[in-house]
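A.B. asks: Submitted below is the structure of interest, expressed as structure tokens.
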Amino acid sequence: MDSADGAEIAIQYDGVTKEYGDLKAVNDVSFDVKDGELLALLGPSGSGKTTTLRMLAGFEKPTEGTISLAGDDVTHVPTHKRDTGMVFQDYALFPHMTVGDNIAFGLKRQGFEKGEIQERIDEVLDMVDLQGFADRNPRNLSGGQQQRVATARAIAIEPEVMLMDEPLGALDKKLRDQLEVELTELQADLGITTLYVTHNQEEALTIADRIAVMNEGEIEQIASPIEVYEEPATEFVADFIGDTNFLEGDLHETDGRVVLDIEGTEVDVNAAGVPANGGAVFVRPEKMNAREAGYTDESVNTLPGTVTRRLFLGSKVRYFVDIGRNVVTVDDSNKHGTTLHEPGDDVVLSWSVHDTRLAHG
0 MDSADGAEIA
10 IQYDGVTKEY
20 GDLKAVNDVS
30 FDVKDGELLA
40 LLGPSGSGKT
50 TTLRMLAGFE
60 KPTEGTISLA
70 GDDVTHVPTH
80 KRDTGMVFQD
90 YALFPHMTVG
100 DNIAFGLKRQ
110 GFEKGEIQER
120 IDEVLDMVDL
130 QGFADRNPRN
140 LSGGQQQRVA
150 TARAIAIEPE
160 VMLMDEPLGA
170 LDKKLRDQLE
180 VELTELQADL
190 GITTLYVTHN
200 QEEALTIADR
210 IAVMNEGEIE
220 QIASPIEVYE
230 EPATEFVADF
240 IGDTNFLEGD
250 LHETDGRVVL
260 DIEGTEVDVN
270 AAGVPANGGA
280 VFVRPEKMNA
290 REAGYTDESV
300 NTLPGTVTRR
310 LFLGSKVRYF
320 VDIGRNVVTV
330 DDSNKHGTTL
340 HEPGDDVVLS
350 WSVHDTRLAH
360 G
């Protein structure tokens, strides 16, 4: 089965619903994952992302709909007969086995010969940069090393599809950032189709080819990381992904323009028209600049305000600016020569019309 762009489809959800009594954990979800693609299921707790993944693994059965792998309906196929590997947040390593025995477990179940098993153990440990760790006990490894072993065990059986459920969730930020890069490179090198569950927006933006943003059991948007961040389809996506300033005012159309009136100041909006539900106008903090009072530039949007607070965040300075209807945040890069504004300073915020977005409610 091929997608619209000609790429082969490895995973397909078609009208999948999962109910627990009166609760719809997943509601009529449909999407495809292309061969070799890494798709991140991103959403807050209770959004249905893990349930969606567990149904593909065979740990949960859909109430309605079908799930296919490489064009074959696996909705009712037992877990052990699905060609998938899985990495959990707690890694689920066997503590009474060595690293090598943990990796060998799935290979033995698949009937590999002893010599093949040892060769495969050495091969996957080399892939995850754990050469010489085969005889160690998982309890004596760091969190990052345990994560690598869990990944090695999953890829050892050469699955068609890799399922990863919050695999980096228990790690500190520095190690998580490092392993994000390692996992992405390994997945790309092996070409394994991967469904990756996370609640961490930055993690999803970093690793995914595409992101499916879930909320209350439904997919709000599925698109590339850049599109999800720059062009969120709904107010929920705009609010959930990254930091967001929602601008309050009177939204209307005039002379072919979409305009937001904020306390008498008109702000042009990058939109073709005003949706029936009004939508929400927003600007990302890094898109705004805090200028000196009196600054003017007719080629961009400008808005007067007063600095109420300033935070030094290392690589950037964050200002909280009262614009009358609400307080917005502005992220300024920490570069030599940048003017620092003090709390109480009157400023003019400026930003491109292109970056003034409208998200549907």
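Residue 348 in numbering that gives the first Met the number 0 sits at position 349 of the sequence shown, with consecutive numbering throughout.
Idealized CB from N, CA, C, for every residue including glycine.
Rounded to the nearest angstrom, what separates Leu124 and Arg138 at their Cα positions?
C.D. replies: 17 Å
A.B. asks: DSSP beta-bridge partners for Asp71?
C.D. replies: Leu68
A.B. asks: Of all the alpha helix (DSSP H) runs that stay within the bounds of the region 276-307, which reach a length of 4 or more residues?
C.D. replies: As far as the region 276-307 is concerned, it has no whole alpha helix (DSSP H) run of at least 4 residues.
A.B. asks: If you compare alpha carbons, which of Thr295, Phe235, Val299 is closest to Leu41?
C.D. replies: Phe235
A.B. asks: Where does Lys17 fall in DSSP's three states?
C.D. replies: strand
A.B. asks: Judging by CA-CA distance, which residue of Ala211, Val352, Gln146 is the nearest neighbour of Ala270?
C.D. replies: When only C-alpha atoms are compared, the closest one is Val352.
A.B. asks: Near Leu170, which residues of its chain fall below 6 Å by C-beta distance, leaving aside the five closest residues on each side in sequence?
C.D. replies: Gly142
A.B. asks: Rounded to whole angstroms, how far is the Cβ of His340 from the Cβ of Arg308, which I believe are closer than 8 Å?
C.D. replies: In fact, because the Cβ distance is near 11 Å, the residues do not count as touching under 8 Å.
A.B. asks: I need the boundaries of the alpha helix (DSSP H) containing Thr150, first residue and last residue.
C.D. replies: Under the DSSP assignment, Thr150 falls in the alpha helix (DSSP H) whose first and last residues are 142-155.
A.B. asks: For the alpha helix (DSSP H) holding Tyr228, just list the boundary residues, first then last.
C.D. replies: 224-229
A.B. asks: Quick one: what's Thr193 bridged to in DSSP?
C.D. replies: Leu37, Met161
A.B. asks: In the DSSP assignment, find the unbroken beta strand (DSSP E) run with Leu357 in it and report its ends.
C.D. replies: 356-358
A.B. asks: Go ahead and pull the three-state DSSP assignment for Phe93.
C.D. replies: coil
A.B. asks: Per DSSP, what are the beta-bridge partners of Val127 in this structure?
C.D. replies: Val127 pairs with nothing; no bridge assigned.
A.B. asks: What residue range does the beta strand (DSSP E) around Val76 cover?
C.D. replies: DSSP places Val76 outside any beta strand (DSSP E), giving it a letter other than H or E.
A.B. asks: Check each candidate in Phe93, Gly14, Val282, Gly20 and name the one with the smallest Cα separation from Met54.
C.D. replies: Gly14
A.B. asks: Keeping to the same chain, check which residues put their C-beta closer than 8 Å to that of Glu265; ignore five residues upstream and five downstream.
C.D. replies: Excluding its 5 nearest sequence neighbours in each direction, Glu265 has C-beta neighbours in its own chain below 8 Å: Val258, Leu259, listed in chain order.
A.B. asks: Leaving out five residues before and five after Gly85 in sequence, what residues of the same chain have Cβ atoms less than 8 Å from its Cβ?
C.D. replies: Rather than Gly, the amino acid found at residue 85 in this sequence is Met. Ala56, Ala153, Met161, Leu162, Met163, Asp164, listed in sequence order.
A.B. asks: Taking C-beta to C-beta, are Lys33 and Gly216 nearer than 8 Å?
C.D. replies: Taking 8 Å as the Cβ cut-off, Lys33 and Gly216 do not qualify as a contacting pair.
A.B. asks: Quick one: is Glu122 buried, meaning 16 or more other Cβ sit within 10 Å of its Cβ, or exposed?
C.D. replies: exposed
A.B. asks: Please give me, in chain order, every unbroken run of the alpha helix (DSSP H) with length at least 4 that falls completely inside the region 201-267.
C.D. replies: 224-229, 234-239
A.B. asks: Are Glu291 and Thr192 touching if we call contact CB-CB under 8 Å?
C.D. replies: no
A.B. asks: Would the beta-carbon of Asn300 fall within 8 Å of that of Thr355?
C.D. replies: yes
A.B. asks: Spell out a yes or no on whether the region 205-212 and the region 220-232 are touching, meaning 3 or more CB-CB pairs, one atom from each, closer than 8 Å.
C.D. replies: yes
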